[in-house]
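A.B. asks: I'd like to ask some things about the structure below.
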Amino acid sequence: MDLSIIIINYNTRDLTADCLESVYRTIKGISFEVFVVDNASVDGSAEFLKSKFPDINLIGNERNLGFASANNQALKIMQGRYALLLNSDTVLKESAVFELFSFMETHPEAAMACGQLLNADGTKQNSIAGFPNLLTLFFNMPLLEHLFPEKFPSKRYEYNHQIEIDSGIGACLMVRKEAIDRVGMLDERYFFFMEETDWALQMKEAGWKVFYVPNAFIYHLQGQSIGQSIRSRRIFYRSRYIFFKKWRGPFYYSAVRSIIFLRLSLNWLFTAIACLFTAGMKKNLNSKLSIYSRLLSWHLKGCPDEN
6 MDLSIIIINY
16 NTRDLTADCL
26 ESVYRTIKGI
36 SFEVFVVDNA
46 SVDGSAEFLK
56 SKFPDINLIG
66 NERNLGFASA
76 NNQALKIMQG
86 RYALLLNSDT
96 VLKESAVFEL
106 FSFMETHPEA
116 AMACGQLLNA
126 DGTKQNSIAG
136 FPNLLTLFFN
146 MPLLEHLFPE
156 KFPSKRYEYN
166 HQIEIDSGIG
176 ACLMVRKEAI
186 DRVGMLDERY
196 FFFMEETDWA
206 LQMKEAGWKV
216 FYVPNAFIYH
226 LQGQSIGQSI
236 RSRRIFYRSR
246 YIFFKKWRGP
256 FYYSAVRSII
266 FLRLSLNWLF
276 TAIACLFTAG
286 MKKNLNSKLS
296 IYSRLLSWHL
306 KGCPDEN
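Each residue of the sequence shown is one higher than the one before, counting from 6 in this note's numbering.
Spelled out as structure tokens, the structure:
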């Protein structure tokens, strides 16, 4: 078996169906199996997907285990020489998987490879993730990408060849089974966000490399599989804290917590002033103020796990 495709579904029945249709339509000349891990959806996903795509291997969970744990369920039993992690809100373009597969076949030093993610209108999304540090917390990414393009490659630049990167966005990520066997699976302390970045760093620490393959194109309906709720924002912060605590040590972790809390406080203050001057008539400002208030409150409570 060449490839094991793993898709995590959580109440994204129609999106997952579109993703699966693109899998069966575009992948040719490569032997593959498909795992769909359903994280206790309540929209009838499991039954619908199994009836429409009877060849999939369906794993049904009784509760939402998150991204890392659900992927690991399939990684433990996969038969392919490579795993392809696909978000349910992705649609493969023609030859996308072939380009990633061909690259991995000819670059044995590569543990992971990602392609170019696209918005629905065909414009580029950021597909490359750098390892976070204090610099990326202090400055916005577009500025860093402009000042240090070699350190921070991004959609701002055109690449006509593969480049080595820190990490790829996990919406579409091909991973070598040999590297997984040596390094281990995804860290299940991450519920969602940062798990692929953590995995890439583990791979690099073990001597492997990670690459971006610019001619592999994948549509990504960004945010549809996790949403934009306050809960998703809290999950993002928790994942970032887990990463810093794991890889940078207690002092660095404390500094990061302090910086983020300060930034949230300043955002709350400036937004509150803006709401005051607009007499609370701007709904977007009111919404932002509510989000910042709830995030600050959550931080003051010690960032409790709400999964």
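For every residue, glycine included, the Cβ atom is placed at its ideal position computed from N, Cα and C. Note that the structure is a prediction, hence the values are computed from the model and not measured.
If you measure between the beta carbons of leucine 226 and alanine 125, is that distance less than 8 Å?
C.D. replies: Yes, the Cβ-Cβ distance between leucine 226 and alanine 125 is below 8 Å.
A.B. asks: In whole angstroms, what is the alpha-carbon distance linking isoleucine 32 and lysine 98?
C.D. replies: Their Cα atoms are separated by approximately 9 Å.
A.B. asks: Suppose you measure from the CA of serine 230 to the CA of serine 237; what does that come to, to the nearest Å?
C.D. replies: Its pLDDT being 49, under 50, serine 230 is placed unreliably in this model, and the coordinates cannot settle the point.
A.B. asks: Going by C-alpha distance, which of Phe249, Leu290, Gly85 is nearest isoleucine 265?
C.D. replies: The candidate whose alpha carbon is nearest that of isoleucine 265 is Phe249.
A.B. asks: Does DSSP put proline 309 in a helix, a strand or coil?
C.D. replies: Here proline 309 sits in coil by DSSP.
A.B. asks: Name the DSSP bridge partner or partners of phenylalanine 40?
C.D. replies: Phenylalanine 40 pairs with Ile11, Asn62.
A.B. asks: Leaving out the 5 sequence neighbours to the left and right, which residues in its chain are closer than 8 Å to glutamate 104 when beta-carbon positions are compared?
C.D. replies: Contacts found: Gly120, Val218, Asn220, Ala221.
A.B. asks: With H, G and I counted as helix, E and B as strand and the rest as coil, what does DSSP make of alanine 184?
C.D. replies: Looking at alanine 184 - three-state DSSP - the assignment turns out to be helix.
A.B. asks: Jot down the residue ranges of each uninterrupted alpha helix (DSSP H) in the region 209 to 256, minimum 4 residues, whole runs only, in chain order.
C.D. replies: Those alpha helix (DSSP H) runs which fall completely within the region 209 to 256 and span 4+ residues are 235 to 252.
A.B. asks: With C-beta atoms as the reference, is asparagine 66 less than 8 Å away from valine 47?
C.D. replies: No, Cβ-Cβ distance for asparagine 66 and valine 47 is not below 8 Å.
A.B. asks: When you compare only the Cα positions, how much space is there between phenylalanine 282 and leucine 305?
C.D. replies: Rounded to whole angstroms, phenylalanine 282 to leucine 305 spans 27 Å at the Cα level.
A.B. asks: Quick one: what's got a C-beta closer than 6 Å to alanine 115's C-beta in the same chain, skipping five residues either side?
C.D. replies: Closer than 6 Å at the Cβ level, and outside the excluded window around alanine 115, lie Met109, Lys214, Phe216.
A.B. asks: Among the candidates Ala75, Arg18, Ser56, whose CA atom is the shortest distance from the CA of asparagine 44?
C.D. replies: Of the candidates Ala75, Arg18, Ser56, the one whose C-alpha sits nearest the C-alpha of asparagine 44 is Ala75.
A.B. asks: Note down the Cα distance separating isoleucine 170 from methionine 179, rounded to an integer number of angstroms.
C.D. replies: So the alpha carbons of these two residues sit roughly 14 Å apart.
A.B. asks: Need the endpoints of the beta strand (DSSP E) that glycine 120 sits in, please.
C.D. replies: Taken as a continuous stretch (DSSP letters only), the beta strand (DSSP E) holding glycine 120 covers 115 to 123.
A.B. asks: Should aspartate 77 and leucine 191 be called a contact, given that it needs their Cβ atoms to be closer than 8 Å?
C.D. replies: For the sequence presented, residue 77 should be read as asparagine rather than aspartate. Contact flag set, yes.
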